[in-house]
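Its first residue numbered 4, the sequence shown is counted upward by one per residue in the numbering used here. C-beta atoms are modelled at their ideal positions from N, C-alpha and C, and glycine is treated no differently. What follows is a short report on a single structure.
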Amino acid sequence: MTSGGSGAPIARHEPGMGDLEIFPLPVDEASLLNLLRIVFERHWSTIRFGTLVQGAVFEIRAPAPPRIAMLDGYATIDLGDSHVHVCIGDHRGTPDAPVTAALAQHRRCHRAELYRVLHDGVAAAWGVRLYNGADEQQLTVILPHPFLDDDQHVLDAPEWDRLACWDELRATFLGLDPDPRDRALTAFLHV
Numbered sequence: 004m005t006s007g008g009s010g011a012p013i014a015r016h017e018p019g020m021g022d023l024e025i026f027p028l029p030v031d032e033a034s035l036l037n038l039l040r041i042v043f044e045r046h047w048s049t050i051r052f053g054t055l056v057q058g059a060v061f062e063i064r065a066p067a068p069p070r071i072a073m074l075d076g077y078a079t080i081d082l083g084d085s086h087v088h089v090c091i092g093d094h095r096g097t098p099d100a101p102v103t104a105a106l107a108q109h110r111r112c113h114r115a116e117l118y119r120v121l122h123d124g125v126a127a128a129w130g131v132r133l134y135n136g137a138d139e140q141q142l143t144v145i146l147p148h149p150f151l152d153d154d155q156h157v158l159d160a161p162e163w164d165r166l167a168c169w170d171e172l173r174a175t176f177l178g179l180d181p182d183p184r185d186r187a188l189t190a191f192l193h194v
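Set out below in structure tokens:
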């Protein structure tokens, strides 16, 4: 699957994040469900997820492989003792409590993107973001960092295989090969 676009990133500076390269992703239900399955079923042990907004960052870690199911346009990421719902498809409500078209549009993911934070032109952090129809953040997935282990301890030397999820998402959704700029960082930078 590809984004349908040129695959060229969008450069943007975001307060609190810095310089970003954003790679738009498709937002149809099948593509988004595939994205969630890749991230949460294949790479669950190395990612952190939640929201990342000014003033709050939730970095949740799955304790075991999550189960993903769909109901009424919502993907449920079942973590066992807790779960996350993200509206990625056609949402109607129930026959007794239907939702309006405007509310369904507000809730559904309308923008999805891969992003990387750049520091002096070199990638220093990687992630995935989903936004609803009102451009409110639904979910951020912080992808593994080559200079951090799964417990967020700084490594002495990079482990480039920790970019496997990033590389898989780029190849699957954008048709892009690994980028040398993703492997040019020489030390951990807190961005």
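For residue i, which of helix, strand or coil comes out of DSSP?
i           : result
residue 22  : strand
residue 66  : coil
residue 115 : strand
residue 195 : Residue 195 lies beyond the residue range present for the chain, which begins at 4 and ends at 194; the question has no answer from this structure.
residue 44  : helix
residue 6   : Any answer about residue 6 is weak, because its pLDDT of 39 lies below 50 and its placement is not dependable; what the coordinates show is given next. Here residue 6 sits in coil by DSSP.
Report the rounded CA-to-CA distance for residue i versus residue j, giving the unit in angstroms.
i           : j           : result
residue 106 : residue 115 : 19 Å
residue 86  : residue 67  : 12 Å
residue 177 : residue 118 : 12 Å
residue 111 : residue 74  : 13 Å
residue 126 : residue 79  : 31 Å
For residue i, is the classification buried or exposed, using 16 other Cβ atoms within 10 angstroms of its Cβ as the cut-off for buried?
i           : result
residue 61  : exposed
residue 13  : exposed
residue 101 : exposed
residue 160 : exposed
Pick out whichever of the options has its Cα sitting closest to the Cα of residue i.
i           : options              : result
residue 35  : 17, 71 and 179       : 71
residue 46  : 193, 185 and 172     : 172
residue 184 : 149, 133, 15 and 102 : 149
residue 140 : 51, 44 and 57        : 57
residue 120 : 137, 81, 193 and 155 : 193
Where do the N-terminal and C-terminal ends of the alpha helix (DSSP H) with residue i fall, by residue?
i           : result
residue 57  : Note, residue 57: premise wrong, no alpha helix (DSSP H); not H, not E.
residue 177 : Careful: residue 177 lies outside any alpha helix (DSSP H) and carries neither H nor E.
residue 88  : Premise fails: residue 88 lies in the beta strand (DSSP E), 86 to 90, not in any alpha helix (DSSP H).
Give the range of the beta strand (DSSP E) segment to which residue i is assigned.
i         : result
residue 2 : Residue 2 lies beyond the range of the chain shown here (4 to 194); nothing can be said about it.
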